[in-house]
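*Asks:*
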Amino acid sequence: GSMMAKVVGLIGEDESDTDVLGTIIRKASPTRRFKFKTFHGHGKGKIIGKCNQWAKNLRDRECTALVLAQDLDEESYAKVVNELKNALEPSTIANYCIVIPVRMIEAWILSDAEAIKTALNLPSTPNDIPNPESLMDPKSKLRDLIYTLSQKRRRYMLTKDNGRIAAHLRIECLRKCPSFSPLRDFINNRL
241 GSMMAKVVGL IGEDESDTDV LGTIIRKASP TRRFKFKTFH GHGKGKIIGK
291 CNQWAKNLRD RECTALVLAQ DLDEESYAKV VNELKNALEP STIANYCIVI
341 PVRMIEAWIL SDAEAIKTAL NLPSTPNDIP NPESLMDPKS KLRDLIYTLS
391 QKRRRYMLTK DNGRIAAHLR IECLRKCPSF SPLRDFINNR L
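Start counting the sequence shown at 241; every next residue gets the next number (this note's numbering).
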């Protein structure tokens, strides 16, 4: 018979973030079936103000697990985790994970140069970036890299390209990004 899909709520800043998260969860756990329901904060303050209410809504829509993600940007890691935890508690979905990509989810995408080449059909592979989280502005880095390596001076389109690259991302490359480990542990042990 068909295995029941696990329904997971994803809260992120925008659609490309939750796309990337959903893709990564599927890749990290390829033998299982997932269904995702999402909310988007379109900026920081929105997530903090609404995540508790969104968690209730997601629980009502059968979600049994929740991943809440927000880019670190310029903040302190511990501070952002605490703010989100306090905003979410008590969470109607007890099984949740707070993910703070450092400094933003584009750093995760930059962890796999081969995936960028394949997804965007680039003529050559970008140089490997050993520590993507050390970049101040991963988004610009990605944009410059795609522009420089593509023959037609291709423009980086965050909304489409992030998901496209994530589809080719190898989970082991994400080990370069320490901010991925809370999500990895959640997928392996609690999802």
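Every residue, glycine too, gets a C-beta built ideally from N, C-alpha and C.
(1) Given this structure, state the Cα-to-Cα distance separating Pro341 from Asp311, to the nearest angstrom.
(2) Rounded C-beta distance between Ala268 and Arg430? I'm assuming under 8 angstroms.
(3) Go ahead and label Ala406 buried or exposed: buried means 16 or more other beta carbons lie within 10 angstroms of its beta carbon, across all protein chains shown.
(4) In whole angstroms, what separates the C-alpha of Leu362 from that of Ser380?
(5) Contact defined as beta carbons within less than 8 angstroms: I believe Asp257 pairs with Ala305. What is the distance between those atoms, to the nearest angstrom?
(6) In whole angstroms, what separates the C-alpha of Arg395 from that of Asn402?
(7) Alpha carbon to alpha carbon, what distance is there between Met243 and Met433?
(8) Between which two residues does the alpha helix (DSSP H) harbouring Leu360 extend?
(9) I need the DSSP call for Thr278, collapsed to helix, strand or coil.
(10) Using 8 angstroms as the threshold, is the C-beta distance between Ala359 and Arg393 below it?
(11) Quick one: using the 10 Å Cβ neighbour count with 16 as the cut-off for buried, is Thr278 buried or exposed?
(12) Could you check the C-alpha separation between Ser331 and Lys286 for me, to the nearest Å?
(13) Can you pull the DSSP bridge partners for Val247?
(14) Rounded to whole angstroms, what is the Cα-Cα separation between Glu346 and Asp300?
(15) Check the Cβ-Cβ distances between Glu253 and every residue of chain B, and say whether any is below 8 angstroms.
(16) On the DSSP letters alone, give me the boundaries of the beta strand (DSSP E) that Leu382 sits inside.
(17) Taking Ala347 as part of the alpha helix (DSSP H), name the residues at either end of that continuous run.
(18) On the DSSP bridge assignment, give the partners of Leu306 in chain order.
(19) Report the rounded CA-to-CA distance for Leu382 versus His408, giving the unit in angstroms.
*Replies:* According to the structure data:
(1) 5 angstroms
(2) Contact flag wrong, Cβ pair sits at about 12 angstroms.
(3) Buried.
(4) The alpha-carbon atoms of Leu362 and Ser380 are separated by roughly 17 angstroms.
(5) Actually they do not touch by this definition, with Cβ atoms about 17 angstroms apart.
(6) 13 angstroms
(7) This structure does not reach residue 433, given that the chain is present from 241 up to 431, and the question cannot be answered.
(8) Ala353 to Leu360
(9) strand
(10) Against a cut-off of 8 angstroms, the Cβ pair of Arg393 and Ala359 comes out as no contact.
(11) buried
(12) Rounded to the nearest angstrom, the two C-alpha atoms are 17 angstroms apart.
(13) Lys275
(14) 31 angstroms
(15) Protein chain content of the structure displayed is limited to a single chain, and chain B is not contained in it.
(16) No beta strand (DSSP E) contains Leu382, which is instead part of the alpha helix (DSSP H) from Pro378 to Leu389.
(17) That run of the alpha helix (DSSP H) goes Ile345 to Ile349.
(18) When beta bridges are read from the DSSP output, Leu306 appears opposite Gly249 and Tyr336.
(19) 16 angstroms
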